[in-house]
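Q:
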Amino acid sequence: MTHFHIPIPANATALSDCPALARRAGVGHVLVKVESGRPFGNFKILGGMTAALRALARITGLPVAQLQMRRDLPRLICASDGNHGLAVAAAANLAGAPATIYLHHSVPRARADRIQTLGASIHWVAGTYDDAVDAAVEAAGVDGVLVPDTSSDVNDPIVRDVMSGYATMTDEINVQLAASGNTISHQFIQAGVGGLAAAMAEGLPEARLAIVEPKQAACVAPALAAGRVVRIEGALHTCAEMLACGEASAAALAILARHNPLLVPVSEAALLQAAEIMREVDIHTTPSGSAGLAGLLHVASSGHLKELAGLTRSSTILLVATEAHPDAFTRSLDIELSAARNFAAHFFPEMGLPDGAPSTLNA
Ligand SMILES: Cc1ncc(COP(=O)(O)O)c(C=O)c1O
């Protein structure tokens, strides 16, 4: 695996050229954007944290930098499979606001514990991610500010802010590609509610988009076919836990429909194997993080699908390893919080928070 040594933006995550993956897929290059280097070990901080801070600034009329001075900030509320809740909890911690994160019962306890350590409360919901989304919407209607990563409202401003935050990745990738002289022909992007795929499609419009979903929880493909949001019923159990969503985001769908993506459903076995293969090239991620690779290898294994996708020996493929494997994630939460604060200051330059600004972690 080669890391490009190029002048990349501050705080950018690595874009790694993985010849072993390219050989396996029978393509020219596979480039992997490795998001385990992001604060909290996944890309969601780019969206959830920045959108939450922006929402508080909008409501209070204060610049983000001055939010901490208010003692009466409203409660931030969101549903999550784990990562979005962590990002919103981080925003609440940085701003000094209360937060409640709605989690469904299949979310692993360790993910809930990390959220709680940041000072947020957890509200457990029976059912799926979609039931947690409904419960969070209802709760925010009574008291609080909803910071969703999905909505049935195509114009939801916060969902749009979340996707704009994800564009940090494509901004970085465009600089990294320019510096290395590479261009990408395809991107295989995993989808939960579709926000990540939409942001990648918008930021890298020249690369043919393939959307990869677990067969057990494929909500983007049927929604694109129907031309509207549809809710997939059932337990949605998949080893790609962060992709276990039954209803796609309307704002994401509107963008994705314009990009005419190839839709790639993948099996549980393929998802598990992809995480193993990533590990062999030293990228320690989960089945959610490696789902794009599962999709690429599925397409590469079929002459018909390869032709449909236009994959050839000279194709250059982009994948995003969207999160660190929990076993490989060893940094303490206070270090993460400090990295998140630096990242927020980078995102909101007016913030200019000092490196050692105080934060509060629950013991
Ligand atoms: C690790 C990881 N990968 C991929 C995704 C999919 O992103 P989206 O739900 O925007 O499609 C998520 C969403 O939470 C995630 O946490």
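In this note's numbering, the protein residues as written are 5 to 367. All C-beta atoms, glycine included, are put in the ideal place defined by N, C-alpha and C. Values in this document were obtained by computation on a predicted structure and should not be read as measured data.
Just to confirm before moving on: does the CB-CB distance between T154 and G199 stay below 8 Å?
A: G199 sits close to T154, with the two beta carbons spaced by under 8 Å.
Q: Is the region 234–250 touching the region 177–188 in the sense that three or more CB pairs, one from each, lie closer than 8 Å?
A: no
Q: Report yes if the C-beta of M204 is less than 7 Å from at least one heavy atom of ligand 1; otherwise report no.
A: no
Q: Are the region 145–163 and the region 246–254 touching, with three or more C-beta to C-beta distances below 8 Å?
A: yes
Q: Pairs of beta-carbons, one from the region 127–140 and one from the region 26–40, closer than 8 Å: are there three or more?
A: Result no; under three Cβ-Cβ pairs closer than 8 Å.
Q: Tell me the residue span of the alpha helix (DSSP H) that contains P218.
A: No alpha helix (DSSP H) contains P218, which is instead part of the beta strand (DSSP E) from 212–218.
Q: Pop quiz: L260 and V233 are said to be a contact at Cβ under 8 Å. What is the actual Cβ separation, rounded to whole angstroms?
A: Between V233 and L260 the Cβ distance is about 12 Å, and since that is not below 8 Å, they are no contact.
Q: Is DSSP giving N46 helix, strand or coil here?
A: Strand at N46.
Q: For the alpha helix (DSSP H) containing F347, name the first residue and the last one.
A: Element bounds for F347: 337–351.
Q: DSSP on V233, reduced to helix/strand/coil?
A: coil
Q: Give me, in chain order, the residues of the same chain whose beta-carbon lies closer than 6 Å to that of L266; leave out the 5 immediate sequence neighbours on both sides.
A: A214, A313
Q: Using the beta-carbon count (16 or more within 10 Å), is L19 buried or exposed?
A: Buried, by the Cβ-count rule.
Q: As a quick exercise: from R283, A202, D147, pick the residue whose alpha carbon is nearest that of V158.
A: A202
Q: Measuring CB to CB, does T383 end up less than 8 Å from G250?
A: Outside the displayed range of the chain (5 to 367) lies residue 383, so it cannot be described from this structure.
Q: Are I287 and L300 touching if we call contact CB-CB under 8 Å?
A: no
Q: Under 7 Å from any heavy atom of ligand 1, does the C-beta of K48 make it?
A: yes
Q: Assign H7 to one of two classes, buried (16 or more other C-beta atoms within 10 Å of its C-beta) or exposed (fewer than that).
A: In this prediction, H7 has a pLDDT of 45, which is less than 50 and means its spatial position is unreliable; nothing more can be read from the coordinates.
Q: Report the CB separation of G123 from A96 in whole angstroms; it is logged as a contact under 8 Å.
A: About 7 Å separates the two Cβ atoms, so the contact holds.
Q: Of all the alpha helix (DSSP H) runs that stay within the bounds of the region 34–122, which reach a length of 4 or more residues?
A: 54–64, 87–99, 113–121
Q: In chain order, which continuous runs of the beta strand (DSSP E) of length 3 or greater are located wholly inside the region 151–224?
A: 190–194, 212–218
Q: Quick one: is K387 buried, meaning 16 or more other Cβ sit within 10 Å of its Cβ, or exposed?
A: Any answer about residue 387 is impossible in this case: the structure gives the chain only from 5 up to 367.
Q: What does DSSP give as the partner residues of P269 in its beta bridges?
A: Answer is E217, bridged to P269.
Q: Measure the Cβ-Cβ separation of Y106 and A69 and say whether it is below 8 Å.
A: no
Q: Are there 16 or more other CB atoms within 10 angstroms of the CB of H109, so buried, or fewer, so exposed?
A: exposed
Q: Please report how far the alpha carbon of S294 lies from the alpha carbon of F47, in whole angstroms.
A: 13 Å
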